[in-house]
Amino acid sequence: MKPWFDPSRWSIASRLLMLALLPTALMLVAGNASMYWLSLRDAATEIRERGRSVAAALAEGSRYAVVSGNAEAVERTVRDLMAADPSLIAVRLLDRDRRVIVEVVSPAVHTQSVEFEVSIESQPINVDTFDVAANTQSAGRRSGPPLGLVHVRMSADPVVAASVRRLATGSALVLLATIASLGIALMLAGRLREPLKDVMQALRRLRDGRYDVRMRPGATGELAELQSAVVEMAKGLRITHEQLEAEVAARTAELSEAMQRVRISDEEKGRLIARGNELVEDERRRISTEIHDDLNAVLVSVRMQAEALSSAAAEQGHTEMQAAATRIVELVDTIYARARAIVRKLRPEIIDALGLAGAAEETVRSFAELDRHCKFELVAEPLPQLPEAVSIAAYRMLQEALSNVAKHAGASRCRVTLRLLGQDRIALVVEDDGRGFAPGPYASRGLGLLGIRERAAALQGDFEFESAPGRGTRLTITLPVAVP
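Residues in the sequence shown are numbered consecutively from 1, following the UniProt record's numbering.
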């Protein structure tokens, strides 16, 4: 099951969009949260200061009303204050016996409030204040008893609401800026994605053997160099492919003509088969050399260009471009590895390095890795230095024999023996415990066994096989040590 959130599968546009959106969203959330918290703190401070001021002002202004009993003037003043300041939600004016003279309460519902009390002094002296919320009291000297009390209740809700409105306005502006930045990011992603998409599409076409590569103009810098390198590589590969096809067609025609002449006589047949095998090996050697020298060199150049682009993107912080360049490097490495595999199939270099015994050991090991149901083993004696024609022929016959075992035998065990017979011949024996078959006049005419037989005959060697249904198969090939 694929994970629902896998950034490695995102496109370049998605990644650029996320780069533009995520930091802005985080900043927006963090900024709004901090501003909201500061607004709450500032609102509480403002309400406390405003409550003290309102209470002190009402105490100062209501002294005459308390003495004269003119409560209507004080009530009008209080209502005017409450109309002007929504945070003032309740005012009570008490006489010295704490009887209510004036009481005005706002009908609005508030979640929290802070209360303040101020004494109405008989003369303008220092006042005592009591902050119910802070539970603190400050007292000054007074020369007479207070005339009454002013009780004020304040709410921070209107102040907080105003702060929230300002915060919402700022958030809307930030959101508009975010949308604009997203549009710019999408535009830049489109300009960056199209050249890279062309390069990726071109490499996929090359991987599939299609060399008609086209790039849309408009790229600059490293992207333009990369596109140019891919186009040049495609041209070189197309020319090489056409040349190889023509040469292979010519060689195929030549081999077909040679095979036609083989039917004239057994002796001529043997000579032509030997010549055909020699031409095939020469052609394989030449083709492998051209692939190694031409194709691999171009792939190395493309890889260097992509690595340079990746380094430049990393230095500039363009992670999407760096990821795309890394993917190009991986595709080039895949093409390079496939080219190397083709070269190894065309030209068994291991024979030059390890000889026939070493090449046989490597071949048996590779088949053992491919077919886990069958145990392949090799018993090889030390062999003298063999001519190249003999080594390659024995190597090809061993490949064909093991391929037949893997494809058709259904065996659980296969044993390969390579030994010296006397001083002038070698023996290659391949035996398995598979299903076998009934020998007959046409049993050895399959393309695999026929090819083995003809290769052995071309070198004046011998080929024998033994098989029976349910009893496995045994192939015995003997070849001369020296080329006849």
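The C-beta atom is built at its ideal place from N, Cα and C for all residues, glycine as well.
Selection from the options that minimises the alpha carbon distance to residue i
i	options	result
T24	V174, Y64, R214, Q399	V174
M35	L149, G170, L418	G170
C374	C414, A380, L354, L38	C414
I452	N404, I120, R63, A202	N404
D97	G148, S119, V248, R153	G148
I239	V160, E225, L206, L356	L206
L356	V67, P382, S53	P382
R214	A380, M200, E320	M200
S412	A394, G61, E431	E431
I108	D157, V78, I101, N70	The sequence given here places Ala at residue 108; Ile does not occur at that position. Ranking D157, V78, I101, N70 by Cα distance to A108 puts D157 first.
I287	A258, E320, A339	A339
D198	S228, Q243, A172	S228
I426	A83, A65, E242, P384	P384
A368	I335, A406, L386, A359	A406
Q112	D95, A90, D212, A468	A90
L354	E388, V159, L188	E388
A33	G209, G358, L167	L167
R79	V54, D95, R261	V54
Where residue i sits in the DSSP three-state scheme
i	result
residue 505	Shown here, the chain extends from 1 to 484; a query on residue 505 therefore has no answer.
P107	coil
R216	coil
L145	The sequence shown places Pro at residue 145, rather than the Leu named in the question. Coil at P145, not helix or strand.
D198	helix
A411	coil
F116	strand
A156	coil
R92	strand
L318	At residue 318 the sequence reads His, which differs from the Leu that was named. In the structure shown, H318 sits in coil (DSSP, three-state: anything other than H, G, I, E or B).
P387	coil
H373	coil
S68	helix
I311	First, the amino acid is wrong: residue 311 is Ser here, not Ile. Reduced to three states, the DSSP call for S311 is helix.
E222	helix
F463	strand
A357	helix
V481	coil
R99	coil
A427	strand
D432	strand
R251	helix
C-alpha gap between residue i and residue j, whole angstroms
i	j	result
V230	S310	16 Å
A323	G183	22 Å
W37	H110	19 Å
M27	S301	44 Å
Q399	M18	54 Å
S256	T363	30 Å
G434	V332	42 Å
A59	V150	6 Å
A139	P146	Residue confidence for A139 is low, a pLDDT of 44 falling below 50, so the modelled location carries little weight; the figure read from the coordinates is stated next. Going by the C-alpha atoms only, they are around 13 Å apart.
T136	H318	Since pLDDT at T136 reaches only 45, below the 50 mark, its modelled position is unreliable, and the value read off the structure follows with that caveat. Taking the straight line from one Cα to the other gives about 60 Å.
V429	H408	18 Å
L81	L186	54 Å
S87	R41	15 Å
A401	E377	14 Å
G436	A380	24 Å
G51	F116	6 Å
S119	G69	17 Å
residue 487	G461	Beyond the ends of the chain as shown, which are 1 and 484, falls residue 487; an answer cannot be given.
T129	V152	With a pLDDT of 48 at T129, under the threshold of 50, the predicted position of this residue should be treated as unreliable, though the coordinate-derived value follows. Approximately 11 Å between the Cα atoms of the pair.
E46	E103	24 Å
E72	A30	50 Å
T417	A393	16 Å
Q243	E222	31 Å
A180	A308	32 Å
E315	A162	46 Å
M233	T473	49 Å
F463	I335	39 Å
R216	E361	51 Å
I342	A457	28 Å
Rounded distance between the beta-carbons of residue j and residue i, thought under 8 Å
i	j	result
V105	M154	With a Cβ gap of about 13 Å, V105 and M154 do not count as contacting.
A325	A306	5 Å
F465	L449	7 Å
R455	R365	Their Cβ separation, rounded to whole angstroms, is 23 Å, which puts R455 and R365 out of contact at 8 Å.
L93	V74	6 Å
L203	I328	7 Å
V160	A43	5 Å
Cβ of residue i within 9 Å of any chain D Cβ
i	result
E247	In the structure shown, chain D cannot be found, because there is only a single protein chain.
* Using 8 Å as the threshold, is the region 417–436 in touch with the region 468–484, meaning 3 or more CB pairs across them? -> yes
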